[in-house]
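Asker:
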Amino acid sequence: MTGVKNIILSNPAGEQVNIGTVTFADAGNAQSRFTVAIAPEFGEYFLAMRPFRCLAGKTQQLCWFPVNREPQVISATDLVPLEYALMFMRTKPASLHLNPFNGVYYKMAWSDEGLTGTVQDVDMDPFITPDAVPLERRVRPLRPQDLSPGDPRSHWLPTLTIR
3 MTGVKNIILS NPAGEQVNIG TVTFADAGNA QSRFTVAIAP EFGEYFLAMR
53 PFRCLAGKTQ QLCWFPVNRE PQVISATDLV PLEYALMFMR TKPASLHLNP
103 FNGVYYKMAW SDEGLTGTVQ DVDMDPFITP DAVPLERRVR PLRPQDLSPG
153 DPRSHWLPTL TIR
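Yeah, the sequence shown ends on 165 if you go by our numbering, and it's all consecutive.
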């Protein structure tokens, strides 16, 4: 994948929000380097004693929580670095607190449109307190069993598309 692609979050009601872009470049060996740029609609908030960029909706606020612990490179069979770069924490609008248990992870797969991510619930604690994770798992602390399918009815924007 190469070029600039839009990152769109959507829901079954038809709402679509362009949350930014991903710029892909050829990295050789059937891999693509990427850079994520979040849209200016994400406001600056100081939550849980640190700055976050958040997108506020009527019922939820999504706060971007990118994790970049390895080269920003993907391949046809490894999308984890991009999934980690597009993680969020959800909270109620105007809330000043974030609960790490309310992590939002989009498990991505190739589709006809490009990449499609389905919402997964995840506890963000391995990223917030990395010392609790065994040393050999600190770059990629999440395991498949750490993800659980998110209920689309409880998530404002349960689908991510990169096209």
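Cβ atoms here follow ideal geometry from the backbone N, Cα and C, with glycine treated the same way.
Since the model is a prediction, treat every value here as computed from it, not as a measurement.
Output the residue ranges of the alpha helix (DSSP H) runs that lie fully inside the segment 66–118 and measure 4 residues or longer, sorted by chain position.
Answerer: Counting whole runs of 4 or more residues, the segment 66–118 contains the alpha helix (DSSP H) stretches 82–87.
Asker: Quick check on this structure: which residue in P143, D114, L84 has the alpha carbon closest to the alpha carbon of S33?
Answerer: Per the sequence presented here, residue 33 reads as Gln, with Ser not at that position. When only C-alpha atoms are compared, the closest one is L84.
Asker: Three-state secondary structure (DSSP) at F129?
Answerer: Here F129 sits in helix by DSSP.
Asker: What span of residues does the beta strand (DSSP E) with R165 cover, start to end?
Answerer: Run containing R165: none; DSSP gives neither H nor E here.
Asker: Rounded to whole angstroms, what's the CA-CA distance from R55 to I9? Just pull it up for me.
Answerer: Cα to Cα, the separation comes out at about 16 Å.
Asker: Using 9 Å as the threshold, is the C-beta distance between Q63 and P14 below it?
Answerer: In this structure, P14 does not lie closer than 9 Å to Q63 by Cβ.
Asker: Among the residues of its own chain, which have a CB less than 7 Å from the CB of Y107, if the five just before and after it don't count?
Answerer: E85, M89, Q122, V124, L149, listed in sequence order.
Asker: Is there a C-beta anywhere in chain B that falls below 9 Å from the one on W158?
Answerer: In summary, chain B is missing from the structure at hand, where a single protein chain is found.
Asker: Take L11 as the anchor and find which of P73, V82, M110 has the nearest alpha-carbon.
Answerer: When each option's Cα is compared against that of L11, the closest is M110.
Asker: Please say whether S113 and T163 have beta carbons closer to each other than 9 Å?
Answerer: In this structure, S113 lies closer than 9 Å to T163 by Cβ.
Asker: I need the DSSP call for R140, collapsed to helix, strand or coil.
Answerer: Residue state, collapsed to three classes: coil.
Asker: Check whether the Cβ atoms of T37 and Q74 lie closer than 9 Å to each other.
Answerer: Their beta carbons are under 9 Å apart, which means T37 touches Q74 by this criterion.
Asker: Enumerate in chain order the residues of its own chain whose CB-to-CB distance from Q18 is below 6 Å, with the five nearest sequence positions on each side excluded.
Answerer: If we look at Q18 and ignore the five residues flanking it on each side, its Cβ neighbours are I10, S12.
Asker: Can you tell me whether DSSP reads D166 as helix, strand or coil?
Answerer: Outside the shown range of the chain (3 to 165) lies residue 166, about which nothing can therefore be said.
Asker: Write down every uninterrupted run of the beta strand (DSSP E) in the segment 11–40 whose length is 3 residues or greater and which is fully enclosed by it, in chain order.
Answerer: If we require 3 residues or more, the beta strand (DSSP E) runs fully inside the segment 11–40 come out as 18–30, 33–40.
Asker: Among T93, K7, V69, A29, which has the Cα closest to the Cα of A2?
Answerer: Outside the shown range of the chain, which is 3 to 165, sits residue 2, and nothing can be said about it.
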